[in-house]
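See below for the structure under consideration.
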Amino acid sequence: MTVVTSINKISIQLAGENALIIYFAEQTSADVSTEVSAQVQQAAQLIRQYMLHNPLQSAQQNIPTGIIDLVPSYASLMVMFDISTTDHHKVRNSLRKLLKGIENDPGNINQNSLPQPSVVELPVYYSTESGPELLNIAKVNNLTIAEVIDIHQQQEYRVYAIGFAPGFAYLGEVDERIASPRLSTPRMKVPKGAVAIADRQTAVYPSVSPGGWNIIGLCPINMFDINATPIMPVKVGDKVKFKSVNKNEYLALGGTLAALAWNETAAWNKTVIRNEKV
Amino acid sequence: MSLTAGFLVKRPGMLSLIQDSGRFGAFNIGLTNGGPIDLLAFQWANRLCSNSLKATAIEVSVGGLSLTAQIDTTIAVTGANMPLTINGQIKDLWRSYSVKAGDNIALGFATAGVRCYFAVADGFIIKPRFGSASTVCRENVGGINGGELVAGDMLACSARATQIARITKTADITNTTNTTETRKQNLVLAEQERPIYSNEIILHTVPSYQQQHFSSQQQRLFYSSEYTVSKNFDRMGYRLEGHAIVCDIEGILSEGICHGAVQIPSDGQPIVLLNDRQTIGGYPKIGAVCSVDTAKLGQLSQGGKVRFEPISMEKAHNIFHLNLSRFKRTVLLRCD
Chain D
1 MTVVTSINKI SIQLAGENAL IIYFAEQTSA DVSTEVSAQV QQAAQLIRQY
51 MLHNPLQSAQ QNIPTGIIDL VPSYASLMVM FDISTTDHHK VRNSLRKLLK
101 GIENDPGNIN QNSLPQPSVV ELPVYYSTES GPELLNIAKV NNLTIAEVID
151 IHQQQEYRVY AIGFAPGFAY LGEVDERIAS PRLSTPRMKV PKGAVAIADR
201 QTAVYPSVSP GGWNIIGLCP INMFDINATP IMPVKVGDKV KFKSVNKNEY
251 LALGGTLAAL AWNETAAWNK TVIRNEKV
Chain A
1 MSLTAGFLVK RPGMLSLIQD SGRFGAFNIG LTNGGPIDLL AFQWANRLCS
51 NSLKATAIEV SVGGLSLTAQ IDTTIAVTGA NMPLTINGQI KDLWRSYSVK
101 AGDNIALGFA TAGVRCYFAV ADGFIIKPRF GSASTVCREN VGGINGGELV
151 AGDMLACSAR ATQIARITKT ADITNTTNTT ETRKQNLVLA EQERPIYSNE
201 IILHTVPSYQ QQHFSSQQQR LFYSSEYTVS KNFDRMGYRL EGHAIVCDIE
251 GILSEGICHG AVQIPSDGQP IVLLNDRQTI GGYPKIGAVC SVDTAKLGQL
301 SQGGKVRFEP ISMEKAHNIF HLNLSRFKRT VLLRCD
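Respectively, the protein sequence lines represent chains D and A. All residue numbers for the first sequence refer to my numbering, where the first residue is 1 and numbers rise by one. All residue numbers for the second sequence refer to my numbering, where the first residue is 1 and numbers rise by one.
What follows is the structure, encoded as structure tokens:
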């Protein structure tokens with residue numbers, strides 16, 4: 001077994017019995033660079049290409065198959081394998097071989113190998129009616145509500161990860177002037193389409209779920225539709241821009257009054273839940 | 001393979017879910033694995049019906065499921081000790097039965113363990129979503145309508161299932177020369193081979209993820225303390241109560257969570273994450289419990305006692321393969 005000594009920031013660690021996790025940067029660092037995110041994306045693409053979709057090719061290159069799922073995130077990529085056909089030594093070795101290119105030249109990301117990123121515009125009905133935390137974010141940061149809305153719209157966000165729940169896309173980075181910590185007691189239920197902020201991340205809740213993020217508006221677009229093609233309007237690496245729409249436009253685009261009505265119902269009540277930190 | 005009738009759900013019980021071996025390959029859009037919490041019991045149920053080990057069955061939590069057969073076929077129930085009756089007559093778990101159209105099959109409530117598996121010859125025919133029929137209620141994906149079974153649900157079985165009841169052609173029967181004899185043949189797992197659902201278990205754990213952010217003293221504390229299953233236990237995870245564990249860091253960049261990962265939130269009480277876990281998360285994790293033991297954990301309810309024991313990845317693989325070969329080696333016996 002060749003021991004790779006010069007691990008250029010990329011390290012492969014144990015996750016569990018049937019999973020390894022590749023770290024592309026420190027997991028504790030607060031800021032996320034787009035280069036690291038692109039590296040994660042490229043690595044995921046490489047592995048997918050060789051191990052999931054091309055079992056024949058991987059056999060030729062002496063790379064064992066047996067990888068069953070990949071989980072890309074901000075600065076890491078978790079690789080799940082089938083423990084009954086392979087083991088962590090074999091998977092680790094083949095990952096090292098595959099990642100050598102990225103490892104040796106982390107700056108040189110081959111953009112051609114990545115799916116073309118697109119810029120997706122998402123309409124948002126920002127208001128105190130649809131965004132219960134809008135007023136508080138304005139107050140805390142000495143801004144007007146209009147300024148908060150403006151700042152949130154100005155940025156072009158990158159899709160860093162998809163997870164936690166089906167179709168939940170983590171977008172970053174939110175302007176520091178409106179970055180807000182998670183609610184100390186998360187809500188039991190957040191309405192579908194809620195546009196929310198947690199620290200320097202923002203997201204659209206794809207379905208009704210528990211959540212502790214600060215809600216500033218509602219988006220009428222389906223973020224996860226099992227019957228649509230594609231299932232999600234965004235993918236990791238894409239850019240997202242938010243565009244303010246009024247209530248009528250929100251409703252015309254498919255937004256529901258039901259989502260708005262949450263504001264007055266007990267469902268908005270803050271109740272302690274578990275697993276709230278995402 | 002033609003669709004026929006199958007089973008009609010009369011009462012769904014506490015929580016009955018359609019499960020196959022799980023959903024893999026869709027983590028990147030946020031879909032978790034699902035699948036049977038007690039994989040071993042699930043696989044035994046399928047073997048007893050001479051099925052593929054991945055065939056779609058029903059996971060019955062706590063109990064109370066009642067079904068009416070609409071076809072002649074073979075069934076088997078394994079797992080937690082739930083009283084099984086067919087037309088009111090008490091029957092055994094861990095063996096197959098031939099049932100006829102019109103038969104009523106009912107499960108009472110578990111006296112030991114939490115989850116049972118109800119398998120039928122050839123499995124239930126459920127439209128796969130993202131490659132799997134497994135139900136994950138939180139995601140509204142899988143099963144019949146993305147949720148648990150409800151009264152009135154029709155669970156289809158393949159037409160072939162009716163023949164299976166009369167034809168035995170399983171590899172499980174080794175001491176027979178004629179493997180396609182056409183008489184009724186049921187199978188049973190010998191009593192000494194059945195799992196025992198204890199209320200106190202050891203969770204063998206591979207130290208991983210952020211383990212270096214737990215001081216050696218905190219790690220010793222974690223691996224030497226006894227924890228109790230809290231009232232918050234479900235298919236997503238088991239929240240435990242006991243000695244609080246302190247981590248040097250509060251949170252991390254959200255990252256992929258593997259099966260069995262032990263998450264330590266800010267209150268220090270460990271959560272063992274199971275099949276329906278969130279795909280990524282930002283709490284530090286001290287390690288991951290091996291799958292042979294998560295199956296046992298999934299049979300515990302509130303008050304169950306667990307201890308964590310650190311093991312190497314090599315030992316985890318050994319445990320897995322020893323159990324797998326034992327499972328393969330164990331031969332089912334014929335019965336009436």
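In this text, a Cβ means the ideal position worked out from N, Cα and C, and glycines have one as well. Note that the structure is a prediction, hence the values are computed from the model and not measured.
*Express the C-alpha separation of Tyr209(A) and Pro284(A) in angstroms, rounding to a whole number.*
Along the second sequence, read from residue 1 onward, the residue named residue 284(A) stands at position 284. Along the second sequence, read from residue 1 onward, the residue named residue 209(A) stands at position 209. Their Cα atoms are separated by approximately 8 Å.
*Are there 16 or more other CB atoms within 10 angstroms of the CB of Val150(A), so buried, or fewer, so exposed?*
Your numbering for residue 150(A) matches position 150 in the second sequence. The C-beta of Val150(A) has fewer than 16 other C-beta atoms within 10 Å across all chains shown, which makes the residue exposed.
*Roughly how many whole angstroms lie between the Cα atoms of Ser225(A) and Lys235(D)?*
The count along the second sequence starts at 1 and reaches residue 225(A) at position 225. The count along the first sequence starts at 1 and reaches residue 235(D) at position 235. Spanning the two alpha carbons is a distance of roughly 43 Å.
*Could you spell out the range, first to last residue, of the alpha helix (DSSP H) harbouring Gln154(D)?*
Your numbering for residue 154(D) matches position 154 in the first sequence. Per DSSP, Gln154(D) belongs to the alpha helix (DSSP H) from Ile145 to Gln154.
*Return yes when at least one heavy atom of the ligand SAM lies under 7 Å from the C-beta of Ala156(A), else no.*
In the structure on display, the ligand SAM does not appear, and there are no ligands present to speak of.
_Output needed in chain order: residues of the segment 10–31 of chain A with a Cβ under 7 Å from some Cβ in chain D._
Of all residues in the segment 10–31 of chain A, only Phe24, Gly25, Phe27, Asn28, Ile29, Gly30 and Leu31 come within less than 7 Å of chain D when Cβ atoms are compared, listed by chain position.
*Could you list which residues in chain A have their beta carbon closer than 7 Å to that of Phe168(D), in chain order?*
Stepping through the first sequence from its first residue, residue 168(D) is reached at position 168. Within chain A, the residues near Phe168(D) are Gly30.
*CB Met82(A) to CB Cys49(A), shorter than 8 Å?*
As a position in the second sequence, residue 82(A) is number 82, starting the count at 1. As a position in the second sequence, residue 49(A) is number 49, starting the count at 1. Cβ atoms of Met82(A) and Cys49(A): not closer than 8 Å.
_Let me check understanding here. Comparing Cα to Cα, which of Lys328(A), Gln212(A), Cys335(A) and Arg235(A) lies closest to Gln43(A)?_
Sequence index remark: in the second sequence, residue 43(A) carries index 43 (1-based). Of the candidates Lys328(A), Gln212(A), Cys335(A) and Arg235(A), the residue whose Cα lies closest to the Cα of Gln43(A) is Lys328(A).
*In or out: Asn18(D) buried (at least 16 other Cβ within 10 Å) or exposed?*
As a first step, residue 18(D) is located in the first sequence; it is residue number 18 there, counting from the start. When all chains shown are included, Asn18(D) counts as buried.
*For Phe242(D), which three-state DSSP category applies?*
Along the first sequence, read from residue 1 onward, the residue named residue 242(D) stands at position 242. Residue state, collapsed to three classes: strand.
*Can you find a C-beta in chain D that's less than 8 Å from the C-beta of Phe320(A)?*
Within the second sequence, numbered from 1, the residue matching residue 320(A) stands at position 320. Closer than 8 Å: yes.
*Does the separation of the CB atoms of Leu15(A) and Leu67(A) fall below 8 Å?*
As a working mapping, residue 15(A) is identified with position 15 in the second sequence. As a working mapping, residue 67(A) is identified with position 67 in the second sequence. With a cutoff of 8 Å on beta-carbon distance, Leu15(A) and Leu67(A) are scored as not near each other.
*Take Val278(D) and list the residues in its own chain whose beta-carbon comes closer than 7 Å to its own, dropping the five residues that flank it on each side.*
As a working note, residue 278(D) is residue 278 in the first sequence. Note that Val278(D) scores 39 on pLDDT, short of 50, meaning its location in the model is unreliable; the coordinates nonetheless yield the value given after this. So the qualifying residues of the chain are Phe164.
*Looking at the structure shown, is Tyr74(D) part of a helix, part of a strand, or coil, going by DSSP?*
For the purposes of this step, residue 74(D) is taken as the residue at position 74 of the first sequence. Coil, per DSSP.
*Is any beta-carbon of chain D found at less than 8 Å from that of Thr279(A)?*
Position 279 of the second sequence holds residue 279(A). At a cut-off of 8 Å between C-beta atoms, Thr279(A) counts as an interface residue with respect to chain D.
*Can you tell me where the beta strand (DSSP E) with Ile319(A) in it begins and where it stops?*
The residue given as residue 319(A) occupies position 319 in the second sequence. For Ile319(A), no beta strand (DSSP E) segment is defined; the enclosing uninterrupted segment is the alpha helix (DSSP H) at Met313 to Arg329.
_Assigned secondary structure, Gly211(D) (DSSP; H/G/I helix, E/B strand, else coil)_ = One-based indexing of the first sequence puts residue 211(D) at position 211. In this structure, DSSP gives Gly211(D) an extended state, which the three-state scheme calls strand.
*If you check the beta carbons only, do Asn186(A) and Gly123(A) fall under 8 Å apart?*
Against the second sequence, residue 186(A) aligns to sequence position 186. Against the second sequence, residue 123(A) aligns to sequence position 123. Going by C-beta atoms, Asn186(A) is not nearer than 8 Å to Gly123(A).
_Cβ-Cβ distance between Gly131(A) and Gly25(A) below 8 Å_ = The count along the second sequence starts at 1 and reaches residue 131(A) at position 131. The count along the second sequence starts at 1 and reaches residue 25(A) at position 25. Yes, the Cβ-Cβ distance between Gly131(A) and Gly25(A) is below 8 Å.
*Taking the alpha helix (DSSP H) that Phe42(A) falls in, what are its first and last residues?*
Residue numbering aside, residue 42(A) sits at position 42 when the second sequence is read from its first letter. Leu39 to Leu48 is the span of the alpha helix (DSSP H), which, as asked, contains Phe42(A).
_DSSP-derived helix/strand/coil call for His204(A)_ = Along the second sequence, read from residue 1 onward, the residue named residue 204(A) stands at position 204. His204(A) falls in the strand class under three-state DSSP.
_Quick check: Ile319(A) and Val289(A), are their CB atoms within less than 8 Å of each other?_
Taking the second sequence and counting its residues from 1, the one referred to as residue 319(A) is at position 319. Taking the second sequence and counting its residues from 1, the one referred to as residue 289(A) is at position 289. Cβ distance not < 8 Å, so Ile319(A) and Val289(A) don't count as in contact.
*Reducing DSSP to helix, strand and coil, say where Glu17(D) ends up.*
Translated into positions along the first sequence, residue 17(D) becomes position 17. Here DSSP, grouped into helix, strand and coil, assigns Glu17(D) to coil.
*Sheet register partners of Cys116(A) (DSSP bridge)*: As a first step, residue 116(A) is located in the second sequence; it is residue number 116 there, counting from the start. Cys116(A) is bridged to Val60(A) and Gly79(A).
_So the candidates are Ile280(A), Leu107(A), Ile29(A) and Ser216(A); which of them puts its Cα closest to the Cα of Val77(A)?_
Along the second sequence, one-based indexing puts residue 77(A) at 77. If we check each option's Cα against that of Val77(A), Leu107(A) comes out closest.
*Residues that Leu300(A) contacts on chain D, provided the C-beta gap is smaller than 8 Å*: For the purposes of this step, residue 300(A) is identified with residue 300 of the second sequence, where counting begins at 1. Taking a Cβ-Cβ threshold of 8 Å, none of the residues of chain D is close to Leu300(A); the smallest such distance is about 17 Å.
*Sort out for me which residues DSSP pairs Arg11(A) with in a bridge.*
Locating residue 11(A) in the second sequence gives position 11, where the first residue counts as 1. Answer is Ser66(A), bridged to Arg11(A).
_Less than 8 Å between the beta carbons of Ser275(A) and Ile37(A), yes or no?_
Locating residue 275(A) in the second sequence gives position 275, counting from the first residue. Locating residue 37(A) in the second sequence gives position 37, counting from the first residue. Checking the displayed sequence, the identity of residue 275(A) turns out to be Asn instead of Ser. Result yes, Cβ atoms of Asn275(A) and Ile37(A) sit closer than 8 Å.
_Short CB-CB distance (under 8 Å) between Val174(D) and chain A_ = Indexing the first sequence from 1 puts residue 174(D) at position 174. For Val174(D), no Cβ of chain A is located within less than 8 Å of the residue's own Cβ.
*Measure the alpha-carbon distance for Gln57(D) versus Ile201(A) and round it to whole angstroms.*
Counting from one through the first sequence, the residue named residue 57(D) turns up at place 57. Counting from one through the second sequence, the residue named residue 201(A) turns up at place 201. Because Gln57(D) sits at a pLDDT of 47, beneath the cut-off of 50, its placement in the model cannot be relied upon, and the point is left open.
*Going along chain A, which residues have a C-beta under 8 Å from Ala161(D)?*
Sequence index remark: in the first sequence, residue 161(D) carries index 161 (1-based). Ordered by position in chain A, the residues that pass the 8 Å Cβ test against Ala161(D) are Ser254 and Ile280.
*Is any beta-carbon of chain D found at less than 8 Å from that of Gly108(A)?*
Walking along the second sequence from the start, residue 108(A) turns up at place 108. Judged by the 8 Å Cβ criterion, Gly108(A) is not in contact with chain D.
*Rounded distance between the beta-carbons of Ala259(D) and Pro191(D), thought under 8 Å*: Residue mapping note: residue 191(D) aligns to position 191 of the first sequence, counting from 1. Residue mapping note: residue 259(D) aligns to position 259 of the first sequence, counting from 1. 4 Å between Cβ atoms; contact.
*Determine contact between the segment 54–73 of chain A and the segment 91–102 of chain A, defined as no fewer than three beta-carbon pairs at a distance below 8 Å.*
By the Cβ criterion, the segment 54–73 of chain A is in contact with the segment 91–102 of chain A, since at least three pairs of Cβ atoms, one from each stretch, lie closer than 8 Å.
*Can you list the alpha helix (DSSP H) stretches of 4 or more residues lying completely in the segment 205–269 of chain A, in chain order?*
Entirely contained in the segment 205–269 of chain A, the alpha helix (DSSP H) runs reaching 4 residues are, in chain order, 216–224.
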